[in-house]
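S.K.: Okay, here's the structure, questions in a sec.
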Amino acid sequence: MFNGSPFFTGDTPLYPSNRRTPQTFFRPPYNYYDTEDDAYMRALAAHEQREREAATRSAYGPFGFALPNPVEEEEEEDEGVYIPRGRRGNYDDALFARRRAEHERQLRESAHHRHLVEQRRLAEEERLARSQQHQHAAHLRAQQLHAEQMRKRKSPSPASIPVPLPTRPAARAQPPPRPTPPTLEQTEAAANTIQAAYRAHQQRTRAHASLDAISRKVTSLLSSFQMPPTLDFDLSAPSAPSFAEEDGEGETVPKLLYNAQNTPVHAQEHALTQLLQKLDGVESNGDLGVRGRRKGLVGKIERALREMEGAIRAAWGRQHGAGAVPLEPEMGGLPAGPGAGKRTGGDDAGPRRAHHGAHHPHHSGHQHRRGKHHADGPRPFGF
């Protein structure tokens, strides 16, 4: 009527406080939860409202007169819908409702499409499961048919089936009797036997270890000993019987002096005598192996002492000439130093021969007697 004059509609831009703020969207109650689509639609409606307000302000001149509105001459967006010019808020509400309905329709179509896709997938899975079941059932039927055919081939004819004759049931085998548990006395006796065997084993092991050490010591002494070329004899001391005198093989030899010249001989005699004493301390406890080894070591040491005594007698004979005793065959194992056969310096031969006739000399200052050793070991002796 007034061609959209702002003086009659209340839309004057010079007085914005008089303008009515249209309701652009539906205000939900307090317990309503805003979804993402609702927020989008509200933002879109607010943006359109701002565009319409800017267009309205630009439609008026500087003095508040309305300018020709090209929008009025254009065709409305929705044909057949009458929208009063003073009620733009209702139009916005209707537009928002239509767009929301369109969005909901799209959501429903999307959900329906997903439902159809899920139904197709479930149907395909069910079809595959039924197909596998049919294949498995067919495979089982084929196996049963094959087994039935093989059974028919192997089964004999009724005429050739032997009829079993009744026989007496075999007597059941009696289980072996259980062993009776040992008594306390038997257990103690077995424990004592085991302990005695273990102690004997330990003693035998220790005895063999001691014999091994003594054997190595004897071998080392005999291999490293060397008889001095000359020996010094004590013509003033009385002599004691030796191995040779007891066996009736020769005369007595004076004792050896304790000086640097005779030190190797005295040291060898002392070491061999100590080994004989150690052999006496090795107990065999009835073990034949220990007893045999100990007896062999005693014989080896006694032979070494006899050879040393023969070497001393030979040195006495070489140094004093008269009554010289030839070297025994068993003396070949003892080496003699260079210059053997020379007389000792300091005493001439005359007094030595006179002394030799007046006394009964022997080869050492330590007396020893030759005795028969018992089976468990020799009796220690010294020179």
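Each residue of the sequence shown is one higher than the one before, counting from 784 in the numbering used here.
Note that beta-carbon positions come from the ideal geometry of N, C-alpha and C, so glycine has one too.
Less than 9 Å between the C-beta atoms of residue 1073 and residue 984, yes or no?
M.R.: Looking up residue 1073 in the sequence shown gives position 290. Looking up residue 984 in the sequence shown gives position 201. No, Cβ-Cβ distance for residue 1073 and residue 984 is not below 9 Å.
S.K.: Quick check for students: name the residue ranges of the alpha helix (DSSP H) that lie wholly in the region 997-1082, counting only runs of 4 or more.
M.R.: Correct list: 1026-1029 and 1046-1063.
S.K.: Need the endpoints of the alpha helix (DSSP H) that residue 966 sits in, please.
M.R.: Taking the sequence shown and counting its residues from 1, the one referred to as residue 966 is at position 183. Here residue 966 belongs to no alpha helix (DSSP H), and DSSP marks it neither H nor E.
S.K.: To the nearest angstrom, how far is the alpha carbon of residue 1012 from that of residue 980?
M.R.: To locate residue 1012, count along the sequence shown from 1; it is residue 229. To locate residue 980, count along the sequence shown from 1; it is residue 197. Cα to Cα, residue 1012 sits roughly 54 Å from residue 980.
S.K.: Expressed to the nearest angstrom, what Euclidean distance is found between the alpha-carbon atoms of residue 929 and residue 916?
M.R.: As a first step, residue 929 must be located in the sequence shown, where it is residue number 146. As a first step, residue 916 must be located in the sequence shown, where it is residue number 133. Each residue's alpha carbon lies about 20 Å from the other.
S.K.: Contact between the region 1034-1043 and the region 1064-1079 is defined here as three or more beta-carbon pairs at a separation below 8 Å; is this criterion met?
M.R.: Contact between the region 1034-1043 and the region 1064-1079 is absent, because fewer than three Cβ pairs lie under 8 Å.
S.K.: Short of 7 Å in beta carbon distance, which residues of its chain neighbour residue 997, apart from the five on each side in sequence? Order them along the chain.
M.R.: Locating residue 997 in the sequence shown gives position 214, counting from the first residue. Counting only Cβ-Cβ distances below 7 Å, and skipping sequence neighbours, we find 1058, 1061, 1062 and 1080.
S.K.: Pull up the distance between the alpha-carbon of residue 823 and that of residue 901, whole angstroms please.
M.R.: Residue mapping note: residue 823 aligns to position 40 of the sequence shown, counting from 1. Residue mapping note: residue 901 aligns to position 118 of the sequence shown, counting from 1. Taking the straight line from one Cα to the other gives about 29 Å.
S.K.: Mind checking residue 1097: buried by the 16 CB within 10 Å criterion, or exposed?
M.R.: In the sequence shown, counting from the first residue as 1, residue 1097 sits at position 314. Its Cβ being crowded by 16 or more others within 10 Å, residue 1097 is buried.
S.K.: Considering only C-alpha positions, which residue in the set 986, 834, 1103 and 958 is nearest to residue 1064?
M.R.: Position 281 of the sequence shown holds residue 1064. Nearest C-alpha to residue 1064: 986.
S.K.: How far does the alpha helix (DSSP H) with residue 955 in it reach, from first residue to last?
M.R.: Locating residue 955 in the sequence shown gives position 172, where the first residue counts as 1. No alpha helix (DSSP H) holds residue 955; DSSP gives it neither H nor E.
S.K.: For my contact list, residue 1005 and residue 1087 are in at a C-beta cut-off of 8 Å; report their separation, rounded to the angstrom.
M.R.: Locating residue 1005 in the sequence shown gives position 222, where the first residue counts as 1. Locating residue 1087 in the sequence shown gives position 304, where the first residue counts as 1. With a Cβ gap of about 6 Å, residue 1005 and residue 1087 count as contacting.
S.K.: Go ahead and pull the three-state DSSP assignment for residue 924.
M.R.: Position 141 of the sequence shown holds residue 924. Three-state result, residue 924: helix.
S.K.: Taking C-beta to C-beta, are residue 1014 and residue 1044 nearer than 9 Å?
M.R.: Residue numbering aside, residue 1014 sits at position 231 when the sequence shown is read from its first letter. Residue numbering aside, residue 1044 sits at position 261 when the sequence shown is read from its first letter. Yes. Within cutoff.
S.K.: Using the rule of at least 16 other Cβ atoms within 10 Å of the residue's Cβ for burial, across every protein chain shown, is residue 1084 buried or exposed?
M.R.: Here residue 1084 refers to the residue found at position 301 when the sequence shown is read from its first residue. Residue 1084 comes out buried.
S.K.: Can you tell me whether residue 1055 is buried or exposed, with buried defined as 16 or more other CB within 10 angstroms of its CB?
M.R.: Here residue 1055 is taken as the residue at index 272 of the sequence shown, counted from 1. Counting Cβ neighbours within 10 Å, residue 1055 comes out buried, since at least 16 surround it.
S.K.: Let me make sure I understand the geometry here. Which of 1048, 833 and 1078 has the alpha-carbon closest to that of residue 1091?
M.R.: Within the sequence shown, residue 1091 is the residue found at index 308, counting from 1. The candidate whose alpha carbon is nearest that of residue 1091 is 1048.
S.K.: Give the straight-line distance between the Cα atoms of residue 971 and residue 964, rounded to the nearest whole angstrom.
M.R.: Taking the first residue of the sequence shown as 1, we reach residue 971 at position 188. Taking the first residue of the sequence shown as 1, we reach residue 964 at position 181. C-alpha separation (whole angstroms): 13 Å.
S.K.: Among the residues of its own chain, which have a CB less than 7 Å from the CB of residue 1075, if the five just before and after it don't count?
M.R.: Locating residue 1075 in the sequence shown gives position 292, counting from the first residue. If we look at residue 1075 and ignore the five residues flanking it on each side, it has no Cβ neighbours.
S.K.: Can you name, in chain order, every residue of its own chain whose Cβ lies under 6 Å from the Cβ of residue 1003, other than the five neighbours on each side?
M.R.: Walking along the sequence shown from the start, residue 1003 turns up at place 220. Answer for residue 1003: no residue qualifies.
S.K.: Pull up the distance between the alpha-carbon of residue 1007 and that of residue 1053, whole angstroms please.
M.R.: Indexing the sequence shown from 1 puts residue 1007 at position 224. Indexing the sequence shown from 1 puts residue 1053 at position 270. Approximately 15 Å between the Cα atoms of the pair.
S.K.: Is it true that the CB of residue 820 sits closer than 9 Å to the CB of residue 890?
M.R.: The residue labelled residue 890 in the question sits at position 107 within the sequence shown. The residue labelled residue 820 in the question sits at position 37 within the sequence shown. For residue 890 and residue 820, yes; Cβs fall inside 9 Å.
S.K.: On the premise that residue 1039 lies in contact with residue 1016, defined as a C-beta separation below 8 Å, what is that separation, rounded to the nearest angstrom?
M.R.: For the purposes of this step, residue 1016 is identified with residue 233 of the sequence shown, where counting begins at 1. For the purposes of this step, residue 1039 is identified with residue 256 of the sequence shown, where counting begins at 1. With 8 Å as the limit, residue 1016 and residue 1039 qualify as a contact, their Cβ atoms being about 6 Å apart.
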